[in-house]
Amino acid sequence: MIASNDLEIWAGYLLDHSLGGITADDRVMIKGEAVCWPLMAVLERRVIEAGGIPDVYLVPPNNERGRVWSAAMARSGSEAQIAGVPDWHRERYLNMNKYVEVLGAEDPSQFMSLSAEQSQALAASDRPFANIRLATNWVITLFPTAASAEMEGMDFQTYERFIVGASTTDPRPLLEAEEKLAPVIDRGTTIRIVTEHPHKGRELALELDISRGRAVMSYGLRNFPDGEIFTSPDASTATGEIFVDLPVNYGGNDICGIYLRFEDGHIVEYSADEGHDHLAAIIETDEGSHRLGEVALGMNPGLDRVLKHPLFVEKVGGTLHIAIGSSYDNCYVEDAGSDEGKAEIERLATAGVLNRSAQHVDIVTDFRPGGAGRSVQIDGVELAPRNGVWEVVG
């Protein structure tokens, strides 16, 4: 049972810090499963008290993250049925201007064990609505559930304390550390990532052109808890190899020990020690899922426990993650919603610099002692984690 004061603090950060406050002009979608209701109820009340309009979107338990269709449609629906998204669903998304998604599943088994084709069909049908969300003021958080604790191999009380503690901590101090790195990324042309393959006993190097991207500092404005600085590379430039050692959970399925090899921006070889078929389902979704859309440094020293959930593992201080799939528009232009910004985004997408895909899956390498990460350099300038925060060395 989460204390009411913690729920109020948590909701306050989401609405006031992440979304910049609520006014009478705001229509706020609050989305999540019924198991997340304790937090959703506080969010709803506080939106009303601030004069806004809440749109509470309760997600059925067989639907991962409230996608346009549930696992039932993926398993039994025809191609024509999957394409038949009701007009009202699109209107619902277009009518909100702020968005809070409360992750947390009551029974992930209800949307697990889909075939590769079924998972890909769900991702593709939902991408237009993800794009609408990404064009608004949005934030995502994770509510602790017994099923999630079991997935992490933790007892529920310990898991709940960790999630609530991280989600009720002021994120603003993270900005100071990120501000020191932003100029290095903004000026940079090439990032070189060196990891070690534990089975092959050799170092791997991956190089990405980041000259077109801009650093985005993330300190509770989009994810909560937070702590990363990221950019989107030129998607046509990834060359080399990388080993990703921290586990990721995708659709309720674990993927561990990922190896990727790139040529001319494309993944041309891949494997996983565990969950290879699930990795294949991600990469083989579309053309864009063979390329990268993000590279980022985890900057939160307070997240000292590695969870499988992407919202947490990618923020751990001293980690680096890349994303298979779609780029972020705001990594290339300051205002992606302006006419000028839209034109530039389309130009970059046509040129193959900005990546489009139904997928955006973060995979994480540990650069702390004992991890597979060995070194990170931007134009020869070495970065390294110290006390859970990435810094320029020397």
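Adding 37 to a residue's 1-based position in the sequence shown gives its number in this note's numbering.
All residues carry an ideal CB built from backbone N, CA and C; glycine is no exception.
query: Sheet register partners of Ile67 (DSSP bridge); result: Val93 and Val137
query: N- and C-terminal bounds of the beta strand (DSSP E) containing Tyr296; result: Asn290 to Glu300
query: First through last residue of the alpha helix (DSSP H) which encompasses Met38; result: Segment: none, Met38 is in no alpha helix (DSSP H) and carries neither H nor E.
query: Backbone secondary structure at Arg411 - three-state DSSP; result: strand
query: Ile269 burial status per 10 Å Cβ neighbour count (16 or more: buried); result: Here residue 269 turns out to be Ser, not Ile, going by the sequence shown. So Ser269 counts as buried.
query: Which of helix, strand or coil DSSP assigns to Asp399; result: strand
query: contact_flag[the region 361-369, the region 325-334] where n(CB pairs < 8 Å) is 3 or more; result: yes
query: Among Gly264, Leu159, Thr274 and Ser55, the one whose alpha carbon lies nearest that of Ala117; result: Leu159
query: Beta-carbon gap between Gly339 and Gly264 smaller than 9 Å; result: yes
query: Proximity winner among Ala252, Leu140 and His397, relative to Cys368 (alpha-carbon distances); result: Ala252
query: Closest by C-alpha distance to Glu371, when choosing among Ala172, Val430 and Pro235; result: Ala172
query: Tyr50 and Gly257 closer than 9 Å at C-beta; result: yes
query: Under the three-state DSSP convention, the category Pro422 falls into; result: strand
query: Supposed contact pair Asn337 and Pro262 - C-beta distance, whole angstroms, cut 8 Å; result: 7 Å
query: Rounded Cβ spacing between Gly141 and Gly69 (contact assumed at less than 8 Å); result: 7 Å
query: Which of helix, strand or coil DSSP assigns to Gly362; result: strand
query: Rounded separation between Ile400 and Lys345 - CA only; result: 10 Å
query: Continuous alpha helix (DSSP H) assignments of at least 4 residues falling wholly in the region 160-199; result: 183-189
query: Rounded C-alpha distance that separates Ile46 from Arg112; result: 40 Å
query: Integer-rounded CB distance, given that Leu348 should sit under 8 Å from Leu177; result: Per the sequence presented here, residue 177 reads as Ile, with Leu not at that position. The pair is a contact, with the Cβ atoms about 7 Å apart (cut-off 8 Å).
query: Sheet register partners of Leu334 (DSSP bridge); result: Ile266 and Leu357
query: Short Cβ contact (9 Å threshold) for Cys293 with Glu306; result: no
query: Selection from Asp271, Ile295 and Ile228 that minimises the alpha carbon distance to Val237; result: Sequence check: residue 237 is Lys here, not Val. Among Asp271, Ile295 and Ile228, the Cα nearest to that of Lys237 is on Ile295.
query: Leu56 burial status per 10 Å Cβ neighbour count (16 or more: buried); result: buried
query: Proximity below 9 Å, CB of Ala78 to CB of Pro98; result: no
query: 9 Å Cβ cutoff met for Arg259 and Glu244; result: no
query: Burial state of Val429, where buried means 16 or more other Cβ atoms lie within 10 Å; result: exposed
query: Contained alpha helix (DSSP H) runs [length at least 4] in the region 103-158, N- to C-terminal order; result: 108-113, 116-120 and 124-131
query: Contact set for Met149: own chain, Cβ-Cβ below 7 Å, skip 5 residues either direction; result: Gly288, Gly289 and Asn290
query: Backbone secondary structure at Asp207 - three-state DSSP; result: coil
query: For Ile230: DSSP bridge partner residues; result: Leu243 and Val413
query: Selected residue, minimal CA-CA separation from Gly335, among Lys352, Glu324 and Thr322; result: Lys352
query: Where Phe404 falls: helix, strand or coil (DSSP); result: coil
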